[in-house]
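Sequence lines, in order, name chains A and B. When we follow this note's numbering, the leftmost residue of the first sequence carries the number -16, and every step to the right adds one. When we follow this note's numbering, the leftmost residue of the second sequence carries the number 262, and every step to the right adds one. Glycine is no exception: its CB is placed at the ideal position from the N, C-alpha and C atoms. These numbers were taken from a predicted model, which means no experiment stands behind them.
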Amino acid sequence: MNHLDDLVDESLDRLFPLQPEQGDWQDILTRLQTSPEAVPFIPTVRRRRFRWLLAPIAVLAAAAAALLISAPWRDGPSVIAKASAAISAGSPTDVLHEQAQMTLLVRRCPTSGPVILHCRKLRKPLRLPIESIALWVEGGTGHRSFRAIQRVHTPHRPNAKIEIPAGPFGNATATSTAQTQVVEIGGHLGPTHVADALVYQRYRNTLLRFTQKPTSISADAFDPIALVRHALATGQARVAGTAMLHGRPVRAITVQLHNLDAGSGTATYYVDPTTYAPVEIVFHHAPNLRFPYTPIFDPSVPIDIQVRFSTFRRMPATPATQALTDIRAQHKSAKIVCAVEFGLPDC
Amino acid sequence: MRVTVMTEPERGLLDEIEAIYRANVSEMRRVARAILGDPEAAYDAVQDGFVRAVRHRANYRGECSLEGWVWGCVMNAIRETSRTLGKHRQPLDGREPGGLAVPPHQDEVVRVALRRLSERQRLVLFLRHYADLDYSEIGAALGIATGTVGATLHAARAAVRSALEGDV
């Protein structure tokens, strides 16, 4: 390559500079549903001999339309209302059970901060599965018992440094598999924040009592769907259309997030079109969004957080299901100890 | 609502096409802007290209990389858009938002030289320079042999270089 080649390259770069752009995959799925090729061609058949029927049909159609407009059943629940009802917090006679897998979608090579990838360009978004969540929580919105198990995966990538930060209850408890750590926590949630919590220490068979000021840990910290629940209930959502996701039809809802801890941002919430059960949430580049044990990135690096649900169900509160929300019932032989390092009063 | 029953490979392909989209959308729109000279048309062409790729993904036979095949779908959409826009449009006329207010004279020479290239030469040059595709991927995208890609690229660069040389 000689000097002139360099000049050509420089000019080409200046003529059409690279403009980092966000894709709109949802738009493609919408076009897929609505573009002409997707609509079967139905040839029109002209039958002039029935033209005299047009006038009565028009009258009937107008009457039907008038009836529909004035009919009381026209105010059936909307998509948002159905989606909201499907993930409502329920009543104290319910127990909610959720399971989800959380994956980070990294679009650019972070070169500073706790996550460093030694690359110049990512040809595909880097998918980093970071944790799976299982949550059992009593229904309602008041003071309620909860238990969560988080399996935190330390993503192993060659030529990369990825640090998992300490969660709100300290470092994850190490288990036999080096790449995976398990945190089991339970206690009580207040209306907005964690009221009290116990962290199970498997290797000592103890329950570490942990309390903080009630404003420090959000009640949503273990429940990604709670963010969506608030948005749906407060009118910060709109229906984006239908889509195919991982080979299944879904309804897509765009959600505006305004949360005390998450700051502002947008998310796409996918629900089953029949049951309106949650399928997936994709939080779009919300630098302030923090889940426990989620690696912290440089805020300028575009990252989506994908939460894919495998279970979301509401069970009647029975002694057996309530025991699932009670960490002490799950570890009856464990001794409760105080977290001395947090400077707590005696247990 | 129409429910499409998909096989496991089709599901996997859909995910991969989505990943290709998210990784390459900036480069694809850059190539489309260079060819069409209209950012909005470029946006639509790339989106339509992916609609085709998703719809016809069952036709992917694995004879080339999936990325090359998807680029082919996008390039077909771009070329169709180019034909639809018609001959009244003069590509490479628009000034890019991120470009310099007063471009160097050298850029004007290159712009004129690019206009004189054949469509294939321009496409090959843009795919190589803006999208950083290798020869086999360019061949898959444009439906031409890998050897032809090399020869076309050589000729295109030589033409632009000689235009600059004459100017210098």
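Please work out which residues of its chain come closer than 7 Å, Cβ to Cβ, to residue i, disregarding the five sequence neighbours upstream and downstream, and give them in chain order.
i, result
"glycine 123 (chain A)", "Ala72, Gly73, Ser74 and Pro75"
"threonine 308 (chain A)", "Val78, Trp119, Val120, Glu121, Ser128, Phe129 and Arg130"
"isoleucine 399 (chain B)", "Val385, Leu388, Arg389 and Val410"
"leucine 12 (chain A)", "Ala226 and Met227"
"valine 262 (chain A)", "Leu228, Val233, Tyr253, Val254, Asp255 and Phe292"
"alanine 214 (chain A)", "Ala220, Val238, Gln239 and Leu240"
"arginine 91 (chain A)", "Leu105, Val284 and Pro285"
"aspartate -11 (chain A)", "none"
"proline 300 (chain B)", "Arg294"
"glycine 230 (chain A)", "none"
Comparing the C-beta of residue i with each C-beta of chain E, is any distance below 8 Å?
i, result
"aspartate 255 (chain A)", "No chain E appears in the structure shown, which is made up of the protein chains A and B."
According to DSSP, is residue i part of a helix, a strand, or is it coil?
i, result
"tyrosine 183 (chain A)", "strand"
"aspartate 287 (chain A)", "strand"
"arginine 418 (chain B)", "helix"
"lysine 65 (chain A)", "helix"
"glutamate 301 (chain B)", "helix"
"leucine 105 (chain A)", "coil"
"glycine 323 (chain B)", "coil"
"histidine 268 (chain A)", "coil"
"tryptophan 56 (chain A)", "Caution is warranted here: a pLDDT of 39 is assigned to tryptophan 56 (chain A), below 50, making its placement in the model unreliable, and the coordinate value is therefore given only provisionally. Correct three-state label for tryptophan 56 (chain A): helix."
"isoleucine 278 (chain B)", "helix"
"glutamine 367 (chain B)", "helix"
"leucine 378 (chain B)", "coil"
"proline 39 (chain A)", "helix"
"alanine 295 (chain B)", "helix"
"isoleucine 319 (chain A)", "strand"
"proline 261 (chain A)", "strand"
"arginine 134 (chain A)", "strand"
"glutamine 2 (chain A)", "coil"
"glycine 125 (chain A)", "coil"
"threonine 13 (chain A)", "helix"
"aspartate 309 (chain B)", "helix"
"phenylalanine 295 (chain A)", "strand"
"aspartate -4 (chain A)", "helix"
Which same chain residues, not among the five before or five after residue i, have their C-beta less than 6 Å away from its C-beta?
i, result
"tryptophan 332 (chain B)", "Ala402"
"alanine 293 (chain B)", "Ala303, Ala306, Val307 and Ile339"
"methionine 85 (chain A)", "Ile113, Glu114 and Val290"
"alanine 260 (chain A)", "Ala69 and Phe295"
"tyrosine 321 (chain B)", "Trp330"
"threonine 332 (chain A)", "Examination of residue 332 (chain A) is not possible in this model, given that chain A is present from -16 through 330 alone."
"serine 397 (chain B)", "Thr407"
"glutamate 324 (chain B)", "none"
My assumption, with CB atoms under 8 Å, is that residue i sits in contact with residue j. Please give the rounded CB distance.
i, j, result
"glycine 310 (chain B)", "valine 335 (chain B)", "3 Å"
"aspartate 425 (chain B)", "leucine -13 (chain A)", "Note that residue 425 (chain B) is leucine in the sequence shown, not aspartate. That pair is a contact at about 5 Å."
"threonine 251 (chain A)", "glutamine 16 (chain A)", "Incorrect: roughly 16 Å between the Cβ atoms, too far for contact."
"alanine 314 (chain B)", "isoleucine 278 (chain B)", "5 Å"
"valine 373 (chain B)", "serine -6 (chain A)", "Wrong, their Cβ atoms sit about 11 Å apart, outside the cutoff."
"valine 182 (chain A)", "leucine 191 (chain A)", "5 Å"
"glutamine 9 (chain A)", "alanine 180 (chain A)", "The Cβ separation is near 38 Å, so there is no contact."
Do the CB positions of residue i and residue j come within less than 8 Å of each other?
i, j, result
"valine 233 (chain A)", "proline 256 (chain A)", "yes"
"alanine 284 (chain B)", "leucine 1 (chain A)", "no"
"aspartate 77 (chain A)", "alanine 300 (chain A)", "yes"
"isoleucine 310 (chain A)", "glycine 169 (chain A)", "yes"
"serine 293 (chain A)", "glutamine 133 (chain A)", "no"
"isoleucine 116 (chain A)", "phenylalanine 193 (chain A)", "no"
"valine 62 (chain A)", "valine 421 (chain B)", "no"
"methionine 227 (chain A)", "leucine 275 (chain B)", "yes"
"valine 254 (chain A)", "alanine 66 (chain A)", "yes"
"valine 135 (chain A)", "valine 98 (chain A)", "no"
"leucine -2 (chain A)", "aspartate 368 (chain B)", "yes"
"isoleucine 288 (chain A)", "valine 89 (chain A)", "no"
"glutamate 4 (chain A)", "valine 286 (chain B)", "yes"
"asparagine 188 (chain A)", "serine 283 (chain A)", "no"
Considering only residues of the same chain and omitting the five flanking positions on each side of residue i, which have a CB-CB separation below 8 Å?
i, result
"alanine 417 (chain B)", "Leu378, Gln382, Arg383, Val385 and Leu386"
"aspartate 393 (chain B)", "Glu288"
"isoleucine 281 (chain B)", "Leu327, Glu328 and Val331"
"alanine 306 (chain A)", "Ala312 and Gln313"
"valine 363 (chain B)", "Because valine 363 (chain B) sits at a pLDDT of 49, beneath the cut-off of 50, its placement in the model cannot be relied upon, and the point is left open."
"tyrosine 391 (chain B)", "Glu288, Arg291, Val292 and Ala295"
"threonine 413 (chain B)", "Arg381, Gln382, Val385 and Ile405"
"asparagine 337 (chain B)", "Gly310 and Arg313"
Given 7 Å as the limit, tell me if residue i has its C-beta closer than that to any heavy atom belonging to the ligand NAP.
i, result
"isoleucine 116 (chain A)", "Here there are no bound small molecules, and the ligand NAP is not part of this structure."
Please go through the stretch 215 to 259 of chain A and give each complete beta strand (DSSP E) segment of 3 or more residues, from N-terminal end onward.
220 to 228, 231 to 242 and 246 to 254
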